[in-house]
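Engineer: With the UniProt record's numbering applied, the sequence shown corresponds to residues 1 to 161, in that order.
Here a beta-carbon is modelled for each residue, glycine too, at the ideal position from N, C-alpha and C.
Quick one: this structure, given as structure tokens, is what I'll be asking you about.
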Amino acid sequence: MFFGSKHMTPETFLIPKDFRGQITLIYNEPCGQTIPKMDGRLIYKIPDNGVMILKNEFETGIIDQEYYFVDDNWNSIEKIPTLIQQDFNEDYTLEKNKNEPPRNKVGLFLLGTGGGSTLKNENYSFHMMAVNSWDSLRVQQNGSIPDNLIDSLLFQCRQKK
């Protein structure tokens, strides 16, 4: 147990069943959408392009996140396992994982959080994750969301103010 550590608001991510690629959540944008809460959990409906611009503040702390593949009506059909790089054995792995998952198993990889800036030098805060298999994720050359898409979506959003 982590005494004195803040817990984030629980979150559920609903992801289209055929989605593979990067998800980028952009926080603290007055023009963004507000994520609804159901049963005490924030419910994110990930769009096909993987980018969500949110009014919500970026929270830090101990996470309680669930990820589901959903059908066209946003009904959950399968829980997505969370995977990390250390689950997989590579040539450089010092301590081998005896329970390495199949490399073609699709899971959700947390890629990190940070800050970025648009071509107009306007800052934003983001959280990135990817839905893919380890084999696909590690060899993907162009699997990330292009900066120009984020720039374009942020520009459109900020023009609405």
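1) Just tell me which of P10, S133, K120, N132 has its CA closest to the CA of I62.
2) Give the secondary structure of L108 by DSSP, where H, G and I count as helix, E and B as strand, and everything else as coil.
3) So which of L14, F69, N148 has the shortest CA-CA distance to R41?
4) According to the neighbour-count rule (16 or more other Cβ atoms, all chains shown, within 10 Å of its Cβ), is Y44 buried or exposed?
5) Tell me the residue span of the alpha helix (DSSP H) that contains R20.
6) Consult DSSP for L149 and reduce its assignment to one of helix, strand or coil.
7) For Q86 and N132, I'd like the C-alpha separation in whole angstroms.
8) Extract the residue ranges of the beta strand (DSSP E) inside the UniProt domain "DUF6843" (9-92), only unbroken runs of 3 or more that lie entirely within it.
9) Does the distance from the CB of L110 to the CB of I150 come in under 9 Å?
10) Could you name the residues of the same chain whose beta carbon sits closer than 8 Å to that of P103, not counting the 5 residues immediately before and after it, in chain order?
Structural biologist: Taking the geometry as given:
1) Reading the sequence shown from its first residue, position 62 is the one you call residue 62. Residue P10 is the option with its Cα nearest to I62.
2) Position 108 of the sequence shown, counted from the start, is the residue given in the question as residue 108. Residue state, collapsed to three classes: strand.
3) Translated into the one-based positions of the sequence shown, residue 41 becomes position 41. Considering only alpha carbons, the answer is L14.
4) Reading the sequence shown from its first residue, position 44 is the one you call residue 44. Classification for Y44: buried.
5) Along the sequence shown, read from residue 1 onward, the residue named residue 20 stands at position 20. R20 -> no alpha helix (DSSP H), and no H or E assigned at all.
6) Start at 1 with the first residue of the sequence shown, and residue 149 comes out as number 149. Three-state DSSP puts L149 in a helix.
7) The residue labelled residue 86 in the question sits at position 86 within the sequence shown. The residue labelled residue 132 in the question sits at position 132 within the sequence shown. Straight-line Cα distance between these residues: approximately 15 Å.
8) 11-16, 21-27, 41-45, 51-53, 65-70, 76-79
9) For the purposes of this step, residue 110 is taken as residue 110 along the sequence shown, with counting starting at 1. For the purposes of this step, residue 150 is taken as residue 150 along the sequence shown, with counting starting at 1. No. Outside cutoff.
10) By 1-based counting over the sequence shown, the position of residue 103 is 103. The sequence as given places Arg at residue 103; Pro does not occur at that position. Contacts found: F88, S133, W134, D135.
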